[in-house]
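Peer 1: The listed protein sequences correspond, in order, to chains A and B. Numbers in this note's numbering are just positions in the first sequence, counted from 1, shifted up by 1221. Numbers in this note's numbering are just positions in the second sequence, counted from 1, shifted up by 1221. All residues carry an ideal CB built from backbone N, CA and C; glycine is no exception. Note that the structure is predicted; figures quoted are calculated from it, not measured. Below is a structure I'd like to ask you about.
Protein chains: 2
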Amino acid sequence: MVSFSDVEEALERISPYIHQTPIVTCEALDDLVGTRLFLKCENFQKAGAFKFRGATNALALLSKSELERGVVTHSSGNHAGALARAAKIFGTKAYIVMPSNSTEIKKAAVKSYGGQVTECEPTLEARLAGAESIQKETGAVPIPPYNHPHIIAGQGTCALEMLKQVGDLDAVIAPVGGGGLMSGTCLATRQLRPKALIFGAEPSGADDAFQSKHSGTLIPQTNPQTMADGLRTSLGDLTWPFIRDEVDEILLADEDEIRDIMRFVWERAKIIIEPSCAVPIVGLIRRFAGVAKKPSKIGVIISGGNVDMEQLPWMKKI
Amino acid sequence: MVSFSDVEEALERISPYIHQTPIVTCEALDDLVGTRLFLKCENFQKAGAFKFRGATNALALLSKSELERGVVTHSSGNHAGALARAAKIFGTKAYIVMPSNSTEIKKAAVKSYGGQVTECEPTLEARLAGAESIQKETGAVPIPPYNHPHIIAGQGTCALEMLKQVGDLDAVIAPVGGGGLMSGTCLATRQLRPKALIFGAEPSGADDAFQSKHSGTLIPQTNPQTMADGLRTSLGDLTWPFIRDEVDEILLADEDEIRDIMRFVWERAKIIIEPSCAVPIVGLIRRFAGVAKKPSKIGVIISGGNVDMEQLPWMKKI
């Protein structure tokens, strides 16, 4: 369904609109893992997350008449902001169905990009119904957050860029939510560094990819319990085969580790990362503790930096 | 006392030890000021602040016998950590007198670099007495935080690098505490971009440079009231002439503005800056609000990123 050439074409297509994000290194982090990490900083991407890549690619592939109808999605998180911002660039309208319990800051971000927010009850049924109703009413084109070939190809441009910036990585790692970023990462890495290890990382409290990979069948995520709000979703039928066939291992991270490493990165690397970005780093620390033979250069995809500054994980609740 | 060639030589001397920090841009910030800002990110410098440049330059200029005796300073802030880290590199001992009310995180940082912390009462007298006593006992060489030619030359390497990275700046701005960074910035800018405007920036609650410049005499800072903990110190006799003769204007920032812009940078630029770094940005926003003719490219020195994550300015006190 999606191939490496789709990723290559996506990068050419979206390059005028995206930031080529930098690679950041941090000795203090290297010391924790015991090898060299190269952080691909999508927290510096437009709209604050890699999601802008997929959204931009999807919009760039719409016809003029589709763009005239607008686009619609349901999301409480980074896809909402990314789609709204990309829609503004392509001069189309973004209808975003957001659960009523979305944070004010995320609703404000969507609105600031000109997105039209419709609030709904915080259930999957209400979200789907909301999006479907808008679609019927306006003819807007649905742009799903990850289970779509154009989205997967767009997210793959992140690893593609990273592998061009640091040519000799012998392992890469990305967090796994719905699997769009992970699938694209597999496509780019398998083509350019066929022998590199490919790791995925998940919170222990939302470990559907880990469970699915170990059982050999797609097990949906139910009742996720994690502060890593980008990683609570289930794999899709397009992303699951990449996890099953291309990812070497899924690494896990517990909540207290996610909190501590997120804070460590803020304090030492001086960059704002969201909780989801700490998950791969924790996974690597655990995976390579006491292991003599480690990959010597690991590419780590830092997925985003959208954080509610009022609600930091290490802040005491009042 | 200090010249541009001292800055050039300092850069050559310290280059093997420091990070050449990146320039970061942020459209959302540009929109606030109404022109293009180029952030020279010393928050990514070793030990988290530009202070590492001056400390490294000062240590590199010590003789072997001086290095054998060690170095001593009193500091509650970034100079302490920077000197300890530089001392480790040069294989010498750093004795740091820290007031007992220094944050635990700053004491921990100094210790983690191998610095020897001596606590004292939180008064200037106790700090001076503590440092003098160590100096007599050990023969350690005093390395002051800013009022020293080698420190000024070292801090000037920051603007020198920035002007090499972005050649056509027509204004530069730096925060003013003791004036070491500002003095070095003047030296580099006047040489390389003689027509560029040079701005300094201060909190309204610690405006000794502003007051001094307007009165034409050095007025020491007494009872500073600001969250910008790097900017509470007084100018020295070596730094004051640069403020008087080379800086075009000192811009001011109030506490609520510092807090809001610090948070804005975290949220939008996704980098950790300390309160002192918000001061020049606020100064520029105020200075150019409603002004039609603005500099088209302004270099902004982001001085550091050492923040106590438990004590963020927008966190409610419990």
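(1) In whole angstroms, what is the alpha-carbon distance linking A/Cys1498 and A/Glu1287?
(2) For B/Pro1534, decide whether its Cβ has a neighbour in chain A, counting only Cβ atoms nearer than 8 Å.
(3) By how many angstroms is the C-alpha of A/Arg1484 removed from the C-alpha of B/Pro1424?
(4) Applying a beta-carbon distance threshold of less than 9 Å, which residues of chain A neighbour B/Ile1394?
(5) By the criterion of Cβ-Cβ separation under 7 Å, what are the contact partners of A/Glu1340 in chain B?
(6) List, in order along the chain, the chain B residues whose C-beta lies closer than 7 Å to that of A/Lys1491?
(7) Roughly how many whole angstroms lie between the Cα atoms of B/His1240 and A/Gly1520?
(8) List the residues of chain B that A/Pro1243 touches, going by C-beta distances under 9 Å, in chain order.
(9) For B/Trp1535, which residues in the same chain have their Cβ closer than 7 Å to its Cβ, ignoring the five residues on either side in sequence?
(10) Candidates B/Gln1337, B/Val1254 and B/Ile1471: which alpha carbon is nearest B/Ala1513's?
(11) Please report how far the alpha carbon of B/Gly1377 lies from the alpha carbon of B/Asn1278, in whole angstroms.
(12) Got a sec, what are the start and stop residues for the alpha helix (DSSP H) A/Pro1501 sits in?
(13) I'd like the list of long-range same chain contacts for B/Ala1417, defined as Cβ closer than 7 Å, with 5 residues on each side in sequence excluded.
(14) State the DSSP-derived secondary structure class of B/Leu1260, mapped to helix, strand or coil.
(15) Distance, Cα to Cα, A/Met1319 vs A/Thr1339?
(16) Among B/Ile1419, B/Ala1301 and B/Gly1302, which residue has its Cα nearest to the Cα of B/Asp1466?
(17) Would you call the segment 1347-1361 of chain A and the segment 1224-1238 of chain A in contact, with 3 or more CB pairs under 8 Å?
(18) Which residue wins for smallest C-alpha separation from A/Pro1368, given the options A/Ser1323, A/Glu1233, A/Gln1446 and A/Pro1462?
(19) Are the C-beta atoms of A/Met1448 and some chain B residue less than 8 Å apart?
(20) Quick one: what's got a C-beta closer than 6 Å to A/Tyr1334's C-beta in the same chain, skipping five residues either side?
(21) Hey, could you find the ends of the beta strand (DSSP E) B/Cys1379 is sitting in?
(22) Just the Cα atoms here: how many angstroms apart are A/Arg1234 and B/Asp1475?
(23) Using a C-beta to C-beta distance shorter than 7 Å, which residues of chain A count as neighbours of B/Arg1480?
(24) Closer than 8 Å by C-beta to B/Leu1283: which residues in its own chain qualify, once you throw out the five before and the five after it? Chain order, please.
(25) Spatial neighbours of A/Gln1356 within its chain, please: CB distance less than 7 Å, with the 5 preceding and 5 following residues excluded, ordered by chain position.
(26) Considering A/Ala1350, what are the terminal residues of the alpha helix (DSSP H) in which it resides?
(27) Have a look at B/Pro1365 and B/Ile1372 and give me their C-alpha separation to the nearest angstrom.
(28) Can you give, in chain order, each stretch of the alpha helix (DSSP H) that sits fully within the segment 1447-1472 of chain B and has at least 4 residues?
(29) Once you ignore the five residues that flank A/Ala1315 on each side, which residues in its own chain have a CB closer than 6 Å to its CB?
(30) For B/Leu1349, count neighbouring Cβ atoms within 10 angstroms of its own Cβ and tell me buried if that reaches 16, exposed if not.
(31) Got a sec: is the Cβ-Cβ distance from B/Met1530 to anything in chain A below 8 Å?
(32) Which value, in whole angstroms, describes the spacing of the CA atoms of A/Lys1198 and A/Leu1439?
(33) Can you confirm whether A/Glu1289, when its beta carbon is compared against all beta carbons of chain B, has any partner nearer than 8 Å?
(34) What number of angstroms, rounded off, separates the C-alpha of B/Ala1430 from the C-alpha of B/Leu1456?
(35) Under 7 Å: does the beta carbon of B/Thr1242 sit that close to some heavy atom of the ligand MG?
(36) With 8 Å as the threshold, decide whether the Cβ of B/Glu1209 is near any Cβ in chain A.
Peer 2: Put simply:
(1) 34 Å
(2) no
(3) 28 Å
(4) None at all; the shortest Cβ gap to chain A is about 20 Å.
(5) Ordered by position in chain B, no residue passes the 7 Å Cβ test against A/Glu1340, which lies about 22 Å from the chain.
(6) Asn1264, Phe1265, Gly1269, Ile1492, Ile1493 and Gly1526
(7) 21 Å
(8) Pro1243 and Val1245
(9) Arg1480 and Arg1484
(10) B/Val1254
(11) 11 Å
(12) Pro1496 to Phe1509
(13) Leu1390, Asp1391, Ala1392, Val1393 and Thr1410
(14) strand
(15) 6 Å
(16) B/Ile1419
(17) no
(18) The sequence given here has Asn at residue 1368 of chain A, not Pro. For the residues A/Ser1323, A/Glu1233, A/Gln1446 and A/Pro1462, the minimum Cα distance to A/Asn1368 belongs to A/Pro1462.
(19) no
(20) Ala1305, Arg1306 and Lys1309
(21) B/Cys1379 -> not in any beta strand (DSSP E); alpha helix (DSSP H) instead, spanning Pro1370 to Gln1386.
(22) 45 Å
(23) Chain A residues near B/Arg1480: none, gap ~11 Å exceeds 7 Å.
(24) Val1292, Phe1311, Thr1313 and Val1362
(25) Val1293 and Pro1363
(26) Leu1345 to Thr1359
(27) 8 Å
(28) 1461-1466
(29) Val1292, Leu1304, Ala1305, Ala1308 and Gly1336
(30) exposed
(31) yes
(32) Because chain A in this structure spans residues 1222 to 1539, residue 1198 of chain A falls outside the shown range and cannot be described.
(33) no
(34) 7 Å
(35) This structure simply doesn't include the ligand MG, nor any ligand for that matter.
(36) In the structure as shown, chain B starts at 1222 and stops at 1539, and residue 1209 of chain B therefore has no counterpart that could be examined.
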